[in-house]
Amino acid sequence: MTVINPEIYMGNVVKTRVRLARNLVGYPFRLSDEIVSREIVKKLKRALQKTGDFAAFMTGDLSPMTLEAMKEKHLISCNLIENRGVSAALVSDDESVSIMVGEEDVLREQCFMKGLRLKEAYERIDEIDDCVSTEFDFSFDDKLGYLTACPTNLGTGLRASVMTFLPALTESGKIKRTVDNLKERGLTVRGLYGEGSAAEGFLYQISNEVTLGVTEFEIIRRVENAVLSICEAERREAERLYTRNELFTMDKAKKSFGVLTNAVLLNYNEFLEHMARVKIAAMLGMIDVTDFGVIDDLTEAVRPASLCVRCGKKLSETDEDLSRAETVRKELLKII
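Numbers given in my numbering equal positions in the sequence shown, counted from 1, plus 514.
Right under this line is the structure:
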């Protein structure tokens, strides 16, 4: 059996997220009362005192722009925003943990880590879950496990996801076959913001679909093995598609770098297209970048709402593109 070193796929694996769906005894699965949500938030703050510093937000107290920026960071979901005025979120000071209150289930606890770190992320969110259980009794059935609003989360309530960068499989048209193969293994592939979203910038979320009848660690093992397998397929396809056409690949990357470091106006789709070309070349050693996390952080920082929050105001389309171009130029010249 071949042992694959996950470090060789650092550029392909962007971020790990492990999420737990939990409902609470004595509360409806779908919260509809802000007073009840505030009561839950108060108890959560008490439960989390010993595990780090958390800031609590009622969605009704935040602007749509701020909520959208939090969604862009995956700290909150579309469902949480749709329940604005009732829902809430608690976010750790380093933004590695967030707890959504009043989503599809009463609680959605999630942990984020850079790279392929499913086991570590699970251990962290399991610690958070234990703290939460000191204040609440979870809705649990001895036969079915944790009870959830959607049957697809029933059992462990665990969704283990890995954000991956898969340009070669996408451009070769082989991504569909990859997705179909994963479905046969009880896994799923979604776009950047989960179900129903597009795969912007060649970014895909790979996660488990089955939560019932398997243990948490079995889920993690399956997802990790699938990610490593897909990243290896991506590496082979990149060799065929890009490395064997090195001059063409380098030419596209250099042109894209020129756009990114000289553009006066840069919309987000343009940024994604050109940044992907630069990252592809960097991953193949054609451009000297060793910390792909810097590129991934920049991709997140210049999303529309995040950029507006960073500037402290709602920007016009032109001002947003101007600010993005300035930010990208400044940050890229630091690392390349």
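Ideal Cβ placement from N, Cα and C applies to all residues, glycine included.
Predicted model, so just to flag it, every value in this text is computed and none were measured.
Legend entry - Same chain, Cβ closer than 8 Å to residue 822, neighbours up to 5 away in sequence not counted: Counted from its first residue, the sequence shown places residue 822 at position 308. Within the same chain, residue 822 has close Cβ partners 579, 583, 828, 829 and 834.
Inset, instruction - Kindly list the residues whose CB is nearer than 8 Å to the CB of residue 832, restricted to its own chain and excluding five residues on each side of it in sequence; keep chain order. - result: For the purposes of this step, residue 832 is taken as the residue at position 318 of the sequence shown. For residue 832, where only same-chain residues beyond five positions count, the Cβ hits under 8 Å are 779.
Legend entry - Proximal residues to residue 849 (C-beta, below 8 Å), its chain only, five neighbours per side dropped: Here residue 849 refers to the residue found at position 335 when the sequence shown is read from its first residue. 803, 805, 808 and 809, listed in sequence order.
Legend entry - Cα-Cα separation, residue 542 to residue 725: Residue mapping note: residue 542 aligns to position 28 of the sequence shown, counting from 1. Residue mapping note: residue 725 aligns to position 211 of the sequence shown, counting from 1. Each residue's alpha carbon lies about 22 Å from the other.
Inset, instruction - Express the C-alpha separation of residue 574 and residue 598 in angstroms, rounding to a whole number. - result: In the sequence shown, the residue the question calls residue 598 occupies position 84. In the sequence shown, the residue the question calls residue 574 occupies position 60. Those two C-alpha atoms are separated by around 5 Å.
Legend entry - Nearest to residue 795 (by Cα), restricted to the options 783, 767, 819 and 785: Taking the sequence shown and counting its residues from 1, the one referred to as residue 795 is at position 281. It is 767 whose Cα lies nearest to the Cα of residue 795.
Legend entry - Separation of residue 645 from residue 564, as counted between CA atoms: Within the sequence shown, residue 564 is the residue found at index 50, counting from 1. Within the sequence shown, residue 645 is the residue found at index 131, counting from 1. In a straight line, the C-alpha of residue 564 is about 8 Å away from that of residue 645.
Inset, instruction - Excluding the 5 residues preceding and the 5 following residue 568 in the sequence, name in chain order all residues of the same chain whose CB lies nearer than 6 Å to its CB. - result: Reading the sequence shown from its first residue, position 54 is the one you call residue 568. Closer than 6 Å at Cβ, skipping near neighbours: 562, 604 and 606.
Inset, instruction - Measure the alpha-carbon distance for residue 818 versus residue 790 and round it to whole angstroms. - result: As a working note, residue 818 is residue 304 in the sequence shown. As a working note, residue 790 is residue 276 in the sequence shown. If you draw a straight line from the Cα of residue 818 to the Cα of residue 790, it comes to about 18 Å.
Inset, instruction - Taking 8 Å as the threshold, find out whether the region 686-701 comes into contact with the region 628-646 through three or more Cβ pairs. - result: no
Legend entry - Alpha carbon of residue 739 to alpha carbon of residue 751, nearest angstrom: Stepping through the sequence shown from its first residue, residue 739 is reached at position 225. Stepping through the sequence shown from its first residue, residue 751 is reached at position 237. Near 18 Å, if we compare the C-alpha coordinates of residue 751 and residue 739.
Inset, instruction - With a floor of 4 residues, list each alpha helix (DSSP H) that falls wholly inside the region 758-785, ordered by position along the chain. - result: 760-776
Inset, instruction - Please say whether residue 629 and residue 764 have beta carbons closer to each other than 8 Å? - result: Here residue 764 refers to the residue found at position 250 of the sequence shown. Here residue 629 refers to the residue found at position 115 of the sequence shown. Taking 8 Å as the Cβ cut-off, residue 764 and residue 629 do not qualify as a contacting pair.
Legend entry - Cβ neighbour criterion (16 or more within 10 Å) applied to residue 588: Residue numbering aside, residue 588 sits at position 74 when the sequence shown is read from its first letter. The residue is buried, with at least 16 neighbouring Cβ atoms inside 10 Å.
Legend entry - Beta-bridge partners of residue 623, as assigned by DSSP: Residue numbering aside, residue 623 sits at position 109 when the sequence shown is read from its first letter. Its beta-bridge partners are 534 and 613.
Inset, instruction - State the DSSP-derived secondary structure class of residue 584, mapped to helix, strand or coil. - result: Mapped onto the sequence shown, residue 584 falls at position 70. For residue 584, the secondary structure class from DSSP, reduced to helix, strand or coil, is helix.
Legend entry - Proximity to residue 811 [Cα-Cα], best of 846, 799 and 656: For the purposes of this step, residue 811 is identified with residue 297 of the sequence shown, where counting begins at 1. Closest option to residue 811, Cα to Cα, is 846.
Legend entry - DSSP-derived helix/strand/coil call for residue 711: Here residue 711 refers to the residue found at position 197 of the sequence shown. Residue confidence for residue 711 is low, a pLDDT of 49 falling below 50, so the modelled location carries little weight; the figure read from the coordinates is stated next. Three-state DSSP puts residue 711 in coil, outside helix and strand.
Inset, instruction - Give the secondary structure of residue 704 by DSSP, where H, G and I count as helix, E and B as strand, and everything else as coil. - result: Mapped onto the sequence shown, residue 704 falls at position 190. Looking at residue 704 - three-state DSSP - the assignment turns out to be strand.
Inset, instruction - Measure from the alpha carbon of residue 686 to the alpha carbon of each residue in 728, 640, 671 and 755, then state which is nearest. - result: Here the question's residue 686 lines up with position 172 in the sequence shown. Among 728, 640, 671 and 755, the Cα nearest to that of residue 686 is on 755.
Legend entry - Spatial neighbours of residue 837 in its chain, beta-carbon cut-off 7 Å, leaving aside the 5 residues before and after: On the sequence shown, position 323 is the one that residue 837 refers to. 821, 825 and 829.
Legend entry - residue 654 classed as buried or exposed, judged by whether at least 16 other C-beta atoms fall within 10 angstroms: Within the sequence shown, the letter at position 140 stands for residue 654. Exposed, because fewer than 16 other Cβ atoms sit within 10 Å of the Cβ of residue 654.
Legend entry - Where residue 639 sits in the DSSP three-state scheme: Looking up residue 639 in the sequence shown gives position 125. It is helical.
Inset, instruction - Could you tell me the distance, in whole angstroms, from the CA atom of residue 649 to the CA atom of residue 558? - result: On the sequence shown, residue 649 is found 135 positions in, with the first residue counted as 1. On the sequence shown, residue 558 is found 44 positions in, with the first residue counted as 1. Taking the straight line joining both Cα atoms gives about 7 Å.
Inset, instruction - Please state whether DSSP places residue 674 in a helix, a strand or coil. - result: If you number the sequence shown from 1, residue 674 lands on position 160. Strand at residue 674.
Inset, instruction - Kindly indicate the opening and closing residues of the alpha helix (DSSP H) around residue 593. - result: Against the sequence shown, residue 593 aligns to sequence position 79. Looking at the DSSP string, the run of the alpha helix (DSSP H) that includes residue 593 is 592-596.
Inset, instruction - Taking 8 Å as the cut-off, decide whether the C-beta atoms of residue 536 and residue 626 are in contact. - result: Here residue 536 refers to the residue found at position 22 when the sequence shown is read from its first residue. Here residue 626 refers to the residue found at position 112 when the sequence shown is read from its first residue. It is not a contact, given that the beta carbons lie outside the stated cut-off.
Inset, instruction - Leaving out five residues on either side along the sequence, give the residues of the same chain with a beta carbon under 7 Å from the beta carbon of residue 770. - result: Indexing the sequence shown from 1 puts residue 770 at position 256. Cβ within range, chain order: 788, 791 and 792.
Legend entry - Residue range of the alpha helix (DSSP H) that includes residue 731: Here residue 731 corresponds to residue number 217 of the sequence shown, with the count starting at 1. Taken as a continuous stretch (DSSP letters only), the alpha helix (DSSP H) holding residue 731 covers 730-755.
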